[in-house]
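In what follows, a single structure is set out as structure tokens and then discussed.
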Amino acid sequence: MLFARVGASHPRYQNPRAEVPWMLPSVYDPKAWESTLYQDWEARGAFRPEARPGGRPFTIVIPPPNVTGRLHIGHALDNTLQDVLIRWRRLKGDAALWVPGTDHAGIATQAVVERRLQARGQSRHTLGRAEFVKQVWAWKDEYEAAICDQIRRLGWSVDWSRLRFTMDPGLSRAVTAVFVEYYRQGLVYRGERIVNWCPSCQTAISDIEVEHEEEPGTLYHVRYPLQGGGEVVIATVRPETMLGDTAVAVHPDDPRYAGLVGKMALLPLTGREIPIIADAHVEPEFGTGALKVTPGHDADDFAIGQRHNLPAITVIGFDAKMTEAAGAYAGLDRFAARERVVADLQAQGHLVKAEPYTVAVGRCERCNTVIEPLISLQWFVRVRPLVEPVLAAVRSSSLRVVPERFVRIFEQGLENEHDWCVSRQLWWGHQIPAYYCEACHEVTVAEEPPAACAHCGATSLLRDPDVLDTWFSSALWPFSTLGWPDQSEDMARHYPTDVLVTGYDILFKWAMKMAWSGIRFTGKNPFHTILLHGLVRDHQGRKMSKSLGNGVDPIEVVDRYGADALRFALVTGVAPGNDSRFTWERVEGAQRFGNKLWNAARFVLGAEDEASQPQPGDPTLEDRWIRSRLHACIEDVDRALAAFEIGDAARSVHDFVWSEFCDWYIEAVKPRLYGRIPGGAEAVATLREVLSAICRMLHPIMPFISDAIWRQLAGEGSTVMLADWPAAGARDPGAEADFSRIMDVVSAIRTLRAEQGVAPAARVRAVVENSGALPEGAEGLVRELARAESVESGHPQGAWASAVTGSGITVYVAVSAADADAARRRLEKDLQSAAAELERVRSRLDNANFVGKAAPEVVARERQRQDDLAATVAGLRIQLERLG
RNA sequence: GGGCGAAUAGCUCAGCGGUAGAGCGCCUGCUUUACACGCAGGAUGUCGGGGGUUCGAACCCCUCUUCGCCCACCA
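Take this note's numbering: the last position of the first sequence gets the number 975, and nothing is skipped along the way.
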């Protein structure tokens, strides 16, 4: 037997009567099923699109997790959403392909490996580049394996035969091809520009990798004397950079400084002469309206410098220490230099004032080091021309962003994009395919190392040592994973992909770049929809982080509750695009739901043996009702999934299973199954039909338990994973209305029993006020569900307890030793609420505006309500009188 | 400087124009031939404040407050 049917009994399990004849434990044990099922799915080839021959392709590429470490709870959400879509489409008959893979994550991975080396007293420099890269590959192998294992544990149905890594030979070829093509088209260039330099990571990073934080700082006002007398006062938060000033700028229209433009100022501390220039960038309102210009250490100043042909002086080096150009300050750390400069300015009388000021400090997102803007020779991608077609795609909705509010954010991100610095001074990554001639110093960019310089023919060429930004290769992921630049079958069949599922936090970093690369190199949007979700926070709403130690390991959750419980909990916690909170309570709730379904399945499977009739008869009211409700549920789940509202889909199945199938249908069907009423065979057929549909509807979200049940329902040779999605048949409004009256009456009787303190096992006499209140033949059902000895119609005399249902039906229960006070309290409560409601309805109907302006059906409904409520109130008054 | 999100029961969240909901927690009962990871019943809300639109607002508009994000050449 493939599957163990008997799991460990639950310690709290204590119902001796539940020794089940069909051998299923009463507590669902995920461990007994999950790994076996996953292996079986894989063995069947169910993860591959080929498992659905003839199906329409449906494709998702996984956002490749970094090989720096293990998956966190955010990955668990991201990938579960993808798996839900993939499994749903597969059940719908699509040839669903989910491409798995991992990202080499340049800086991050290099940093963790370097940290490990450091712990052993080594560094990448002691190893040398080749050996170091070899060690990073070993790390990658280790963590990739761990990640793949986690993917299996979560039940994600990825196609393992298509596992990819951003530095695979094929994907690396794509990277080179794209770089070379960009170069040919003039979209990539090398230049000496001001970049964000991280002194700790020792590499340039892109704008988006810098985090801006507001911090308390100081704004210094410094007096710069003028050549020939006078002075100008500038304001700065970084006085140490004044050593590299090459101008003072004022606004061209600023009357205060109209006469100064063209004159020379004398830089304090060094006495160097710098010109006073006019530039519209200067904000006259800020500070003194005069700006010190340091092209070597400020991006804005660099731009001003270019406009005015100013020289740039680098006074801070790559090590964040002052350079020789800083004269007396050379060798000092940049922050120590700031203090010294301020002290010296003060001593020499140049400091006008220093006032507290909030400054936005840029920090490296990886290591939190304060970024130093520095001029250096780097490679850049010109993004403006790339961005235009993406804007057009978003505006025409050929590229959708869900939820829609992110469309504008996406557009603004595209519009703000500046040239992208793509070279990194690292060893781990795709080495830039640029070769420098040692003879003529010209560069050759080519897919293969050239034998000779393209410019002078010399044969001595050196390859650029830098590697590309990780996002350069991730940007190609939707097509590089499918075989591009080759004309592969997967490209033909599975590209463009369908949906990109990712967190809003990497919309700009990643999604945008994929969009432009896809359009540029394949002529198509790489996906038609970007589905965004938020962050998974801790139960207090804090971001999960290593330093807070509040992170939740998804595998720990799986170990304790099973993958289905985690998946269900994650998915029900999210509204599209919003952050969500992780709580163990939610996971427990999901676990209980799985167990509830498991036990419903035990009931259905066991019911088969007990059916009294061999031939199915006509469906009864409850059969028609549950089918109708099932169809409503299927419709709703389909609608929700199509709209990417996955939490809604989960809730819908949950509520149907628990509140309708279990609470009412299974209970309603018991008399037939136990032979007290005929019709058992039809009940069994309906039970099985509904359970089968539940398994299929739930499978995308809870793949394991749905298959565990399915296999017992349909036979072990089968798997729900490759079953067909249930069809939403026609609704039966009559059955729904009739059965809901039955539920109303049963609930009313139960309420009265509880209020009257009737012993649970005792049978009561019940009366329903008018004979039309219950559907024909429903008395037996009500008797069973409400534990009544009889259910009649009429107006009983004497001391009966009564209650009014939401639908206005009055229900009476006879009690042997009536608790008159309790009965009176109930009546008064019902009377009070009915009278209040009647008053509201009356005043509404008395309002000529309402009657005149509201929709006619609304008015008609209110009139009907008025009549019903009036009758109810009158009836209750009579009841109260009878009670005395 | 611009933009976005959140604010509903003790907690986590649905609801987004027509009588305030769920789960958890809480209270009362209960071995009830699927399930005590359960069943039945119950209590609990100035739907952040203030204006407006509407016959009617938790829901639409304006405004304010609090919390959290993102973007921007924010000396």
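We put the CB at the ideal spot given by N, CA and C, even for glycine. Quantities reported herein were computed from a predicted structural model and do not represent experimental measurements.
For residue i, I'd like the list of residues in its chain whose CB is within less than 8 angstroms of its CB, leaving aside the five on either flank, ordered along the chain.
i      : result
Lys354 : Leu317, Gln318, Gly319, Pro366 and Ile367
Trp113 : With a pLDDT of 48 at Trp113, under the threshold of 50, the modelled position of this residue cannot be trusted; read the value that follows with caution. Only Arg693, Leu696, Gly697 and Asp700 meet the Cβ criterion.
Ser214 : Glu205 and Leu208
Trp749 : Phe684 and Lys687
DSSP state of residue i, grouped into three classes?
i      : result
Trp816 : coil
Gln318 : coil
Asn157 : strand
Lys444 : strand
Asp194 : strand
Cys458 : coil
Glu880 : strand
Ala247 : Correcting the residue type first, residue 247 is Trp in the shown sequence and not Ala. Note: Trp247 maps to coil in three-state DSSP.
Cys289 : strand
Gly885 : coil
Trp891 : strand
Leu254 : coil
Glu807 : coil
Ser671 : strand
Arg281 : strand
Ile296 : strand
Ala134 : helix
Leu960 : helix
Leu712 : helix
May I have the straight-line CA-CA distance separating residue i from residue j, to the nearest angstrom?
i      : j      : result
Pro260 : Asp577 : 13 angstroms
Glu867 : Ser884 : 12 angstroms
Arg978 : Ala199 : With the chain represented from 92 up to 975, any question about residue 978 goes unanswered, as that position is not in the structure.
Asn287 : Ala428 : 20 angstroms
Asp829 : Ile737 : 31 angstroms
Val373 : Leu188 : 55 angstroms
Asp250 : Ile151 : 11 angstroms
Leu351 : Gly632 : 55 angstroms
Trp470 : Val175 : 40 angstroms
Glu506 : Phe659 : 38 angstroms
Gly708 : Asp240 : 50 angstroms
Leu93  : Ser565 : Because the pLDDT at Leu93 is just 27, under 50, the model does not fix this residue reliably, and the point stays unresolved.
Leu639 : Arg628 : 12 angstroms
Leu974 : Ala890 : 6 angstroms
Ala411 : Asp424 : 6 angstroms
Glu235 : Ser252 : 15 angstroms
Ser862 : Asp835 : 15 angstroms
Pro667 : Arg742 : 14 angstroms
Short of 6 angstroms in beta carbon distance, which residues of its chain neighbour residue i, apart from the five on each side in sequence? Order them along the chain.
i      : result
Trp179 : Leu732 and Pro791
Gln201 : Leu517 and Trp519
Ala857 : Ile840, Ala879, Val882 and Val904
Trp230 : Val204
Arg243 : Tyr129
Arg874 : Val882
His441 : Val313, Arg314 and Pro359
Val534 : Ala525 and Tyr527
Below 8 angstroms on the Cβ atoms is my contact criterion, and I expect residue i with residue j to pass it. Report the Cβ-Cβ distance as a whole number of Å.
i      : j      : result
Gly594 : Gly165 : 7 angstroms
Leu310 : Tyr526 : Wrong, their Cβ atoms sit about 48 angstroms apart, outside the cutoff.
Thr361 : Gly453 : Contact doesn't hold; Cβ gap of about 27 angstroms is too wide.
Val744 : Met788 : 5 angstroms
Val80  : Val942 : The chain is shown from 92 up to 975; residue 80 falls before or after that span and cannot be answered.
Using a Cβ-Cβ cut-off of 7 angstroms (strictly less than) and excluding sequence neighbours within five positions of residue i, which residues of its own chain qualify?
i      : result
Glu415 : Ala421
Asn616 : Ala484, Ser489, Leu490, Pro587, Ala606, Gly609 and Ile610
Ala894 : Ala839, Thr842, Leu843, Val902, Arg917 and Asp921
Ala602 : Leu591, Thr593 and Ile621
Ile404 : Gly335, Thr337, Gly387 and Ala416
In chain order, which continuous runs of the beta strand (DSSP E) of length 3 or greater are located wholly inside the stretch 350-426? 355-357, 364-369 and 381-384
In chain order, which alpha helix (DSSP H) runs of at least 4 residues are fully inside the stretch 464-548? 475-486 and 497-507
List in chain order: all unbroken alpha helix (DSSP H) runs of 4+ residues lying wholly within the stretch 136-192. 164-182
Tell me the start and end of each unbroken beta strand (DSSP E) in the stretch 545-631 that is at least 3 residues and wholly inside, in chain order. 552-554, 590-594 and 620-624
Complete runs of the beta strand (DSSP E) confined to the stretch 812-878 [at least 3 residues]: 855-859
Residue ranges of each alpha helix (DSSP H) within the stretch 734-817, 4 or longer: 737-746, 758-764, 771-789 and 794-805
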